[in-house]
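If you use the UniProt record's numbering, the sequence shown closes out at 437, no skipped numbers anywhere. Notes to accompany the following structure.
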Amino acid sequence: MAVSSTFCRLNLLPKHSLLRGLTSHGQQLRPKWPHNQISKLEDNLIVLGIETSCDDTAAAVVRSNGDILSQVVSSQADLLAQYGGVAPKMAEEAHSQAIDQVVLEALDKANLTEKDLSAIAVTIGPGLSLCLLGVQKARKIARNFNLPIVGIHHMEAHALVARLIEQDLQFPFMALLISGGHNLLILAHDLGHYVQLGTTIDDAIGEAYDKTAKWLGLDLRRSGGPAIEELAREGDAKSVNFSIPMKQHKDCNFSYAGLKTQVRLAIESRKIDAKIPISSASCEDRVSRADIAASFQRVAVLHLEERCERAIQWALKIEPSITYLVVSGGVASNQYVRARLDLVVKRNGLQLVCPPPSLCTDNGVMVAWTGIEHFRMGRFDPPPPVDEPEDSVYDLRPRWPLGEEHTEGRSEARSLRTARIHPSLTSLIQASLQQQS
Numbered sequence: 001m002a003v004s005s006t007f008c009r010l011n012l013l014p015k016h017s018l019l020r021g022l023t024s025h026g027q028q029l030r031p032k033w034p035h036n037q038i039s040k041l042e043d044n045l046i047v048l049g050i051e052t053s054c055d056d057t058a059a060a061v062v063r064s065n066g067d068i069l070s071q072v073v074s075s076q077a078d079l080l081a082q083y084g085g086v087a088p089k090m091a092e093e094a095h096s097q098a099i100d101q102v103v104l105e106a107l108d109k110a111n112l113t114e115k116d117l118s119a120i121a122v123t124i125g126p127g128l129s130l131c132l133l134g135v136q137k138a139r140k141i142a143r144n145f146n147l148p149i150v151g152i153h154h155m156e157a158h159a160l161v162a163r164l165i166e167q168d169l170q171f172p173f174m175a176l177l178i179s180g181g182h183n184l185l186i187l188a189h190d191l192g193h194y195v196q197l198g199t200t201i202d203d204a205i206g207e208a209y210d211k212t213a214k215w216l217g218l219d220l221r222r223s224g225g226p227a228i229e230e231l232a233r234e235g236d237a238k239s240v241n242f243s244i245p246m247k248q249h250k251d252c253n254f255s256y257a258g259l260k261t262q263v264r265l266a267i268e269s270r271k272i273d274a275k276i277p278i279s280s281a282s283c284e285d286r287v288s289r290a291d292i293a294a295s296f297q298r299v300a301v302l303h304l305e306e307r308c309e310r311a312i313q314w315a316l317k318i319e320p321s322i323t324y325l326v327v328s329g330g331v332a333s334n335q336y337v338r339a340r341l342d343l344v345v346k347r348n349g350l351q352l353v354c355p356p357p358s359l360c361t362d363n364g365v366m367v368a369w370t371g372i373e374h375f376r377m378g379r380f381d382p383p384p385p386v387d388e389p390e391d392s393v394y395d396l397r398p399r400w401p402l403g404e405e406h407t408e409g410r411s412e413a414r415s416l417r418t419a420r421i422h423p424s425l426t427s428l429i430q431a432s433l434q435q436q437s
């Protein structure tokens, strides 16, 4: 029996349907397939995953036994370099131009057609609302080929992809999810049941990496993280005395806005001109840039280490059986970050699990796999109605919490709770389960 429709609960239905009153928030939609047919499908599911929540257009086909049949990503690296970061309108246009070809290529590489699929999984939030064009594409395929559809939380997908590559990773476990838009420490009790131990109160670590790289005149076509990591190897990590953020706050939240300001002031004091690319810098100038990059990276990661150390202690009080910390998201591709966090994890008697870099950055594999996990639990929506217009506009959820805040961290937090206007994924699933009991 399927739990309440994720799309319906989040009002992720066509606006025309909402206006006609054909659906309502919290309505329960039942699948067309009997439960015994779902059980048969579980043994050999083939799911197409679509991801367009930020600046990469991605699709992948994954089998329920863990085989990755295809993975395709269309990057917007040139746009990132041109605008010094993600430009939402430009990203939306790039998605619209790439989405059809990316999905077609994913199916071709898997040597499959839409008729071979068991379901479609698609990211519905959080992310840039202009860039969630994948929802329209997913619903079009699901409608045309009578396929169930699974709405996916972007950050949950980053956490759960680790279960694809590490078979011993069972619930409960911890996860640190770090990217351009998120810093999130969670305790994963079970599929769909998460406790937020810490989050960013302003800027995420990936944003700090990107801005620092831009101010240092680095090549942003690979994003700021790899550029900073490479240059930092040439520098003295203790040459610039940056302070570690939030030392006085005994919680697990993150803040990188202040560190960004420190970096900007250090660059200005050394009269570094970002218009002069690093490749054209003098030897003295290059050394100065490398020292700033190394010093920034050291302090940025020290902030991660401190927060993770405390979060592990909190999590072990709640779930003493935890043995793994998952580190995922784009910044988890950074080898320096991995090495430093591995020390923290081992010091606390845990094991570190990091997906390969291709599965840390935004990708369709993580979406497809998370869709498989939820489909097995009966959490999916029936095919969209055949009369749904192709140009339907959806009310998306750019801000969508993954779990409820941990009580011990709530009193210390200066988090942006006022911006969290939508119920968390965890609360939605728990409410649905209560309705079923």
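Glycine is no exception: its CB is placed at the ideal position from the N, C-alpha and C atoms.
Two segments are said to touch when three or more pairs of C-beta atoms, one from each, lie closer than 8 Å; by this definition the stretch 344–362 touches the stretch 300–315. In the same chain as residue 299, and ignoring 5 residues on each side of it, the C-beta atoms closer than 7 Å to its own belong to 242, 244, 259, in chain order. By the criterion of at least three beta-carbon pairs nearer than 8 Å, the stretch 144–162 is in contact with the stretch 177–197. Residue environment analysis places residue 208 among the buried positions, since at least 16 neighbouring C-beta atoms fall within 10 angstroms of its C-beta.
Setting aside the 5 residues that flank it on each side, residue 270 is surrounded in the same chain by 288, each with a C-beta closer than 7 Å to its C-beta; the list follows chain order. Residue 70 holds the alpha-carbon nearest to the alpha-carbon of residue 104 among 70, 125, 150. Distances from the alpha-carbon of residue 330 to those of 198, 99, 360, 317 put 360 closest. DSSP places residue 155 inside the alpha helix (DSSP H), whose first and last residues are 154–165. In the structure shown, residue 328 falls within a strand segment according to DSSP collapsed to helix, strand and coil. Residue burial is scored here from C-beta neighbours: residue 386 has fewer than 16 other C-beta atoms within 10 angstroms and is therefore classed as exposed.
In the pairwise beta carbon analysis, the stretch 363–378 is classified as touching the stretch 44–54: at least three pairs are separated by under 8 Å.
Between residue 134 and residue 150, the beta carbon gap of about 12 Å keeps them out of contact (Cβ cut-off 8 Å).
Within the same chain, 202, 203 come within 7 Å of residue 257 by CB-CB distance, once the 5 residues on both sides are set aside. When only Cα atoms are considered, residue 384 and residue 115 end up about 16 Å apart. Cα atoms of residue 381 and residue 136: separation of roughly 15 Å, rounded to the nearest angstrom. One alpha carbon belongs to residue 142, the other to residue 402, and they sit about 25 Å apart. Residues 352 of the same chain have their beta carbon placed closer than 6 Å to that of residue 342, with the five preceding and five following residues left out of the count. For residue 110, there is no enclosing beta strand (DSSP E), as DSSP marks it with neither H nor E.
Of the residues 368, 389, 378, the one whose Cα lies closest to the Cα of residue 58 is 368. For residue 248, the secondary structure class from DSSP, reduced to helix, strand or coil, is coil.
In the structure shown, residue 297 adopts helical secondary structure according to DSSP, grouped into three states.
Residue 216 is positioned such that its CB atom lies no closer than 8 Å to that of residue 152. In this structure, the beta-carbon distance from residue 176 to residue 62 does not fall below 8 Å. Taking a contact as a CB-CB distance under 8 Å, the pair residue 278 and residue 218 counts as one, their CB atoms being some 5 Å apart.
The beta carbons of residue 205 and residue 178 sit about 5 Å from each other, so the pair counts as a contact at 8 Å. Taking all protein chains in view, the Cβ of residue 238 is surrounded by fewer than 16 other Cβ atoms within 10 Å, so the residue is classified as exposed. Cα atoms of residue 423 and residue 354: separation of roughly 29 Å, rounded to the nearest angstrom. Here residue 344 has 305, 308, 309 as same chain residues with Cβ atoms under 7 Å from its own Cβ, once five neighbours each way along the sequence are excluded. The Cβ atoms of residue 322 and residue 173 lie closer than 8 Å to each other. Look at residue 241 here: in three-state DSSP terms it is coil, with no helix or strand label.
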